[in-house]
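Visitor: Sharing a structure with you now.
2 protein chains.
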Amino acid sequence: MKSETKDPKPYHHGNLKQALLDAARRLLETEGHSNLSLRKCAEAVGVSATAPQNHFANKAALLTALATQGYGELHAYMGRGVSDAADRAARRQAALLGYVAFAQDNPALYELMFSRDRVSASDPDLLRNVGACFVILADISKEFGRFEGEGAKVDAKQQMFVWSLVHGYAQLLTANRFKKEDMQGVSILDVIPDLHS
Amino acid sequence: MKSETKDPKPYHHGNLKQALLDAARRLLETEGHSNLSLRKCAEAVGVSATAPQNHFANKAALLTALATQGYGELHAYMGRGVSDAADRAARRQAALLGYVAFAQDNPALYELMFSRDRVSASDPDLLRNVGACFVILADISKEFGRFEGEGAKVDAKQQMFVWSLVHGYAQLLTANRFKKEDMQGVSILDVIPDLHS
DNA sequence: ACTTCATGTGTGCAGCGTAAACATTTTCTT
DNA sequence: AAGAAAATGTTTACGCTGCACACATGAAGT
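Taken in order, these protein sequences are the chains called S and Y.
Residue numbering for the first sequence follows the numbering used here, starting at 1 and increasing by one per position.
Residue numbering for the second sequence follows the numbering used here, starting at 1 and increasing by one per position.
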């Protein structure tokens, strides 16, 4: 019984990496992005100020991990409560509502996920999770509206249309750019025009 | 001739405020948002590190002024090359193309304009310029697609649809979230589905 | 047992925003 | 014209930040 795998707490702290991510995530939403610092994360977890360096090469690496985690959860939100047998219209509805719900539940993280110079956009893990989200978006975009051109181009336009619409809606919503009175009883589904005659 | 208004250079520097904004804007696009500092702006202009404090209460105030300026230019981009006599379809086309062009020309500034905690969203000047942009968006949103509900609600949904779509498209485009091959010869106008039967 | 490596601490440094005291120049008031 | 007041700029200082570096410690492998 020399290498049992029952207790995965390897040593000093436990698993500091995930603890730092959790603390960073909480600080991000509570204090705002510009008040998030590695030192505050370290202090929240109870380690020295330089301990995070053992798990993240720099601050950008931590933010990238945070964004990667965010895309994973966004994917989960979009797939929530959808049975495999559901038709595309049902999946589409659930995915759109889930997408917006994630942004509303994690506005600061959502903004970070689309920031241009705070996360390293070429990170493989990040790209993988982004790709997983895009698979769902591509699926629900099929048979959506009428676009001109040949087949592949039509698919691309449909996907760009759906992603642009839901992303823009989510961002403008969480950035409070919509008038409150316009939002009464309105969801992302109401903002999609009737596409067929 | 004691108070002639011919030379508006008041004294020491000239007009440091605008010079700082110009420097900040250049640094923002070249160095990226996370490498923009007041001290670098001051150095670029050739004044001491604390001189900006006389013109901007804090860094957020400078970024807010930058965003305000951005919305002014976005408004100008949307109105470019449009005669007053043009019909709504022509204005819509020009405004959408102008909107996206501004985002492409000023990606870092565009991101700043929609950031949640770096600009003070309640600034009156900012709100005024945001409102001016929204007036154009509301105008081009009329008679767009088919939405259910009574009159005012339909207008609101149309506006939210158009702004969500063009903002999402602009942001995803500048964040390189679209596949390059999908973008070949595609503009914002191609991503809007045929809304009528 | 000894080495090796992963992980955590302590120290130090340059850059940052910004507060405070002071200097200088313009503008206002008389 | 003269002095007061305001606007603008500099210097200094302080605490916070990311991070490089040397070192300590505990776990794992041989």
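Every residue, glycine too, gets a C-beta built ideally from N, C-alpha and C.
1. So does the stretch 147 to 156 of chain S actually touch the stretch 90 to 103 of chain S, counting three or more Cβ pairs closer than 8 Å?
2. If you check the beta carbons only, do N129(S) and T68(S) fall under 7 Å apart?
3. Report the three-state DSSP secondary structure of S120(S) (helix, strand or coil).
4. Can you tell me whether N124(S) is buried or exposed? The criterion is at least 16 other CB atoms within 10 Å of its CB, across all chains shown.
5. Helix, strand or coil: how does DSSP classify D190(Y) here?
6. Taking only three categories from DSSP, how would you classify L195(Y)?
7. Could you give the residue range of the alpha helix (DSSP H) that holds V47(Y)?
8. State the start and end residues of the unbroken alpha helix (DSSP H) segment that holds R91(Y).
9. Less than 8 Å between the CB atoms is what I'm expecting for Y110(Y) and T174(Y), so what's the real figure, rounded?
10. Do V135(Y) and T64(Y) come within 7 Å of each other at the CB atom, strictly closer than that value?
11. Check the Cβ of S34(Y) against every Cβ in chain S and list those closer than 8 Å, keeping chain order.
12. DSSP three-state label for R177(S), please.
13. Count the other C-beta atoms from every protein chain shown that fall within 10 angstroms of the C-beta of Q18(Y), then say buried if there are 16 or more, exposed otherwise.
14. Using a beta-carbon distance cut-off of less than 9 Å, what residues from the stretch 168 to 182 of chain S approach chain Y?
15. Counting only the same chain and skipping the five closest in sequence on each side, list residues whose C-beta sits under 6 Å from that of A138(S).
16. Using a Cβ-Cβ distance cut-off of 7 Å, determine whether E29(Y) contacts chain S.
17. Taking Cβ to Cβ, would you say A95(Y) is nearer than 7 Å to I140(Y)?
18. Helix, strand or coil, according to DSSP, for F134(S) in the structure here?
19. At the 7 Å Cβ level, is D190(S) part of the contact set with chain Y, yes or no?
20. Rounded to the nearest angstrom, what separates L20(S) and G32(S) at their Cα positions?
21. Roughly how many angstroms lie between the CA atoms of Q184(S) and R88(Y), to the nearest whole one?
22. Quick one: Cα of G72(S) to Cα of F144(Y), how far?
23. Just the C-alpha distance for D84(Y) and Q53(Y), rounded to the nearest angstrom, thanks.
24. Hey, quick one: how far does the alpha helix (DSSP H) through G79(Y) stretch, first residue to last?
25. With a cut-off of 7 Å, does the C-beta of P52(Y) fall near any C-beta of chain S?
Guide: So, from the data block:
1. no
2. yes
3. coil
4. Looking at the sequence shown, residue 124(S) is not Asn but Pro. It is exposed - the Cβ of P124(S) has fewer than 16 other Cβ atoms within 10 Å.
5. helix
6. coil
7. Taken as a continuous stretch (DSSP letters only), V47(Y) belongs to no alpha helix (DSSP H), as it is neither H nor E.
8. 88 to 105
9. Cβ atoms of Y110(Y) and T174(Y) come within 8 Å of each other, at about 6 Å.
10. no
11. D117, R118
12. coil
13. With fewer than 16 other beta carbons inside 10 angstroms of its own, Q18(Y) counts as exposed.
14. Cβ contacts with chain Y: G168, Y169, A170, Q171, L172, L173, T174, A175, N176, R177, F178, K179, E181, D182.
15. Q159
16. No, its Cβ sits nowhere closer than 7 Å to a Cβ of chain S.
17. Taking 7 Å as the Cβ cut-off, A95(Y) and I140(Y) qualify as a contacting pair.
18. The answer is helix: DSSP assigns F134(S) an H, G or I state.
19. Yes, contact with chain Y.
20. 16 Å
21. Put simply, the backbone Cα of Q184(S) is about 28 Å away from that of R88(Y).
22. 35 Å
23. 42 Å
24. 59 to 79
25. Not an interface residue.
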